[in-house]
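In our numbering, the protein residues as written are 18 to 183.
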């Protein structure tokens, strides 16, 4: 996707003022900052997005003046699936849930990065999680992850069977 947009993002690109260049904001996560059970695929993908952010900021920042940054949200209220991590199931107390961010926090971070206030920020992934990853919480217990995973898998299979025309 980034390569397809390059011709529009570089200084003097299609429809762009010759003195201005573009900005890429990648959305990643903080999940891969610490280890979690059964999340190898997600952690690897998010780590790759972080690496892509840094590498593109070096290459395209140098060659074309394009800034490339990332936003790594922590837990966000009203995200589909978050209700599966109920406090009693995941060892998460209500106080921790009350520190979860809102979609607005992520939007304001993107506005900051895209504004003149963020003009000297390049190659950085901003963790927007109220410092949660710094506390390095213990991983969710393995049995809880298995139970949630099985429940999701069963629901997925049941809904697929219901939609199947075979």
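For glycine and all other residues, C-beta sits at the position ideal for the given N, C-alpha and C.
These numbers were taken from a predicted model, which means no experiment stands behind them.
When the distance is taken between beta carbons, is residue 88 closer than 9 angstroms to residue 138? no
Taking residue 123 as part of the alpha helix (DSSP H), name the residues at either end of that continuous run. 120-131
Any 3 or more C-beta pairs closer than 8 angstroms across the segment 59-66 and the segment 122-134: no
Taking the alpha helix (DSSP H) that residue 64 falls in, what are its first and last residues? 57-81
Please classify residue 83: is it buried, with 16 or more other beta-carbons within 10 angstroms of its beta-carbon, or exposed? buried
Going by C-alpha distance, which of 70, 40, 92 and 176 is nearest residue 81? 40
May I ask you to report which of helix, strand or coil DSSP gives residue 86? strand
Would you kindly check if the distance between the Cβ of residue 78 and the Cβ of residue 117 is under 9 angstroms? no
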